[in-house]
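S.K.: In the working numbering, the protein residues as written are 403 to 504.
For every residue, glycine included, the Cβ atom is placed at its ideal position computed from N, Cα and C.
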């Protein structure tokens, strides 16, 4: 009786292995790059092309004034604001004197 159970377990394991191999074969090549695809020629706005150029020149872009301007424009467009980063002084202070009287 124990021999029958062992034979059945072997058959079940073989079927599971065959199914796993079939699914892996049907799934295709798993060596695709998981990162987001980059276009070799980003089309559209000149600012996008300039940012792509700056990305490609590497560390030299940090000292390039054209790249600095392109990054500033890209940040402005991304955040969608034309207001300064810091509020004017005193803007968030109390509107009236809120001192506590003893």
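Please identify the residue among 472, 411, 413, 407 whose C-alpha is closest to the C-alpha of residue 450.
M.R.: 472
S.K.: Output the distance between the C-alpha atoms of residue 406 and residue 415, rounded to the nearest integer angstrom.
M.R.: As the crow flies, the alpha-carbon of residue 406 is around 14 Å from that of residue 415.
S.K.: Drop a sphere of 10 angstroms on the beta-carbon of residue 418, count the other beta-carbons inside from all chains shown, and report buried for 16 or more, exposed for fewer.
M.R.: exposed
S.K.: Among residues of its own chain, excluding the 5 on either side of residue 453, which ones have a beta-carbon nearer than 6 Å to its beta-carbon?
M.R.: 472, 476
S.K.: Between which two residues does the alpha helix (DSSP H) holding residue 465 run?
M.R.: Taken as a continuous stretch (DSSP letters only), residue 465 belongs to no alpha helix (DSSP H), as it is neither H nor E.
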